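Each residue of the sequence shown is one higher than the one before, counting from 4 in the numbering used here. For every residue, glycine included, the Cβ atom is placed at its ideal position computed from N, Cα and C. From a predicted model like this one, the values you see are computed outputs, not experimental measurements. Accompanying notes for the structure given below.
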Amino acid sequence: NYLPKGFIFGGYNYSDSNDAVDPKGGFVLQAGVKFKMDWDKPFKNINAKKEEIYAFESRIRDTKLKLKVSVQKSIEDFYTSQKTYEVAQEQLKEAEEYYRVTNLKYKNGLVSNTDLLDAESMFTAAKVSLKKAYYNIIRSFYRIELEAGTEVR
């Protein structure tokens, strides 16, 4: 598109639209050079490179923000799992005491075996809940390391 192009045009031109003009026809010969110049092409290239750099920097900024948010979320999940573990420990203590009291009452004939089974079920569920909370703490701790990019031990 940017290479120069030369041309030669010739022919005979005849017109009888105006009677007062003489001669009515004549030979025409034209020669010329045609070329396309894009004066602002270097500026367009520079602006395109600037846009690429800006887009790259924007992606870096977005990635950093996403990492920061994910690390903050992982830290909050870690603190939440710690609180959940503390609650599960209290729940286990209460369930253990309830089971102990219910077992004593059952041995003395004051409660039915259904009540004892309910107390045992509550005690078992509290143990399971404590184990799950413990594993959630471990998982959230390693999630922090993974999100932060540190070496997971």
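query	result
Per DSSP, Y15 is paired with what?	F30
Where does A91 land, buried or exposed, given buried means 16+ other C-beta within 10 angstroms?	buried
Quick one: give me the first and last residue of the alpha helix (DSSP H) that A91 is part of.	44–110
So, for E123: in the same chain, excluding its five sequence neighbours on each side, which residues have a beta-carbon less than 7 Å away from its beta-carbon?	Y102
Mapping the DSSP letters down to three states, classify V24 as helix, strand or coil.	coil
Among all the DSSP beta bridges, which residues are the ones paired with V36?	G9
So the alpha helix (DSSP H) E123 belongs to, where does it begin and stop?	116–151
Please report how far the alpha carbon of V114 lies from the alpha carbon of M125, in whole angstroms.	16 Å
Just to confirm before moving on: does the CB-CB distance between G28 and S20 stay below 9 Å?	no
Just confirm the distance between the C-beta atoms of L95 and A129, as a whole number of angstroms; I'd bet it's less than 8 Å.	4 Å
What number of angstroms, rounded off, separates the C-alpha of I147 from the C-alpha of D65?	19 Å
Quick check on the burial criterion: 16 or more other C-beta atoms within 10 angstroms. Buried or exposed for A23?	exposed
For a quick check, are the C-beta atoms of F81 and F144 less than 9 Å apart?	yes
So which of E99, K39, M40, F12 has the shortest CA-CA distance to F30?	F12
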